[in-house]
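To start, the structure under review is shown below, and the notes come after it.
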Amino acid sequence: MKTGLSEFIAEIYQGRKSGLLSIAVKGANTQLKLFFREGQIYHATCGNMKGKECLAQAIGHEFSQYFFMPDVSLNARDGNLPSLADIIQLFRAADKAVEMPARPATGDNQASRVQPGGPAAALEHLTLALIRQIGPVGAKVFSRTIEQKWHASPQPTREDLLRLVDILKDEIENPADRNEFLKETANIIS
């Protein structure tokens, strides 16, 4: 089932939600990522593009599924983003739609999905695990990795999170700290 992207963004605004709206681009290994703080978009990326350029590029894409991860934040702010009303109008005028996330059928393999707390809770715990090993800069490293290097499915699975851990472990120089990070993340993603 499809829904208008502009309507979904308006719902996030009305609910004053904070988090990451990740939308898969059909036929590409990239995502449109819109970061919200209290209902306002403060950062946007699509592939290597950011801000206004990202939004202009996104108009030419067809989207598939989306996933909203609450409370995911980024230490960045695009000064060149149009107003939220203009962004909503841009997607409405382009008639951009997204597919509702698929609901798993009864009897699906539970092992492929993230359990207690869902992906948002797992991401928060992964951030803290990285911070414990490399210090406060871990929050920035985590945000940068999410934005630039991690390509998850619209509804992140256990396998997506394991790929993220694999990327993050390379940010830890000390082998003992890296091993401690891997042990902690194994408990988070079990």
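Numbering (the numbering used here), first residue to last: 38 to 227.
Beta carbons are placed, not taken as given, at the ideal position from N, Cα and C, and that holds for glycine.
This structure is a prediction, so every number in the text was calculated from the model and none was measured.
Can you look up residue i in the DSSP assignment and give me helix, strand or coil?
i	result
I24	Because the chain here runs from 38 to 227, residue 24 falls outside it and cannot be looked at.
I171	helix
A89	Checking the sequence, you will find Lys at residue 89 rather than Ala. In the structure shown, K89 sits in a helix (DSSP, three-state: H, G or I).
Q185	helix
T222	helix
I204	helix
N211	coil
K63	coil
Q192	coil
S227	coil
When you compare the CB positions of residue i and residue j, do they come within less than 8 angstroms of one another, or not?
i	j	result
I204	I124	no
G56	V109	yes
L69	V62	yes
F105	P193	no
S59	A176	no
N166	F218	Sequence inspection shows Ala at residue 166; the Asn mentioned does not correspond to that position. The answer is yes: Cβ separation under 8 angstroms.
L118	G88	yes
I209	Q170	yes
L121	H80	no
T222	L163	yes
R200	W187	yes
Name the DSSP bridge partner or partners of residue i?
i	result
L71	L58, A81
T164	DSSP, once it has assigned bridges, lists no residue as partnering T164.
Q102	E136
I39	At residue 39 the sequence reads Lys, which differs from the Ile that was named. Its beta-bridge partners are E136.
Is it true that the region 75 to 85 meets the region 129 to 137, where meeting means three or more beta-carbon pairs spaced less than 8 angstroms apart? no
Ordered list of alpha helix (DSSP H) runs contained in the region 104 to 134, each at least 4 residues: List check, alpha helix (DSSP H) in window: 121 to 130.
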